[in-house]
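A.B. asks: Numbering (this note's numbering), first residue to last: 53 to 128. Note that CB positions come from ideal geometry on N, CA and C, so glycine has one too.
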């Protein structure tokens, strides 16, 4: 099981701060939820991407959760 977490100040949707959680096939829902808890519990991450929020509110943060693929399909 491998989960990767990446964050950016300007995500692909609307240019707002975004976090992506990508997981390998076979990853359980509990493992994905634990990664999500880590994101929401890491105040250093929020500060690094310039996200400002009150203690319990992550409104406005784009959170993308997706499965990793072995091969990327290239056009052409």
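Which first and last residues belong to the beta strand (DSSP E) in which residue 114 is found?
C.D. replies: Unbroken beta strand (DSSP E) run through residue 114: 114 to 119.
A.B. asks: Any idea what DSSP makes of residue 59, helix, strand or coil?
C.D. replies: Strand, per DSSP.
A.B. asks: Starting from residue 84 and walking both ways along the beta strand (DSSP E), at which residues does that stretch end?
C.D. replies: Taken as a continuous stretch (DSSP letters only), residue 84 belongs to no beta strand (DSSP E), being part of the alpha helix (DSSP H) at 81 to 93.
A.B. asks: With a cut-off of 8 Å on the beta carbons, I'd call residue 82 and residue 54 a contact; round off their distance for me.
C.D. replies: At roughly 15 Å, the Cβ-Cβ gap does not stay under 8 Å, so residue 82 and residue 54 are not in contact.
A.B. asks: Taking the alpha-carbon of residue 59 as reference, which of 127, 73 and 125 has the nearest alpha-carbon?
C.D. replies: When only C-alpha atoms are compared, the closest one is 73.
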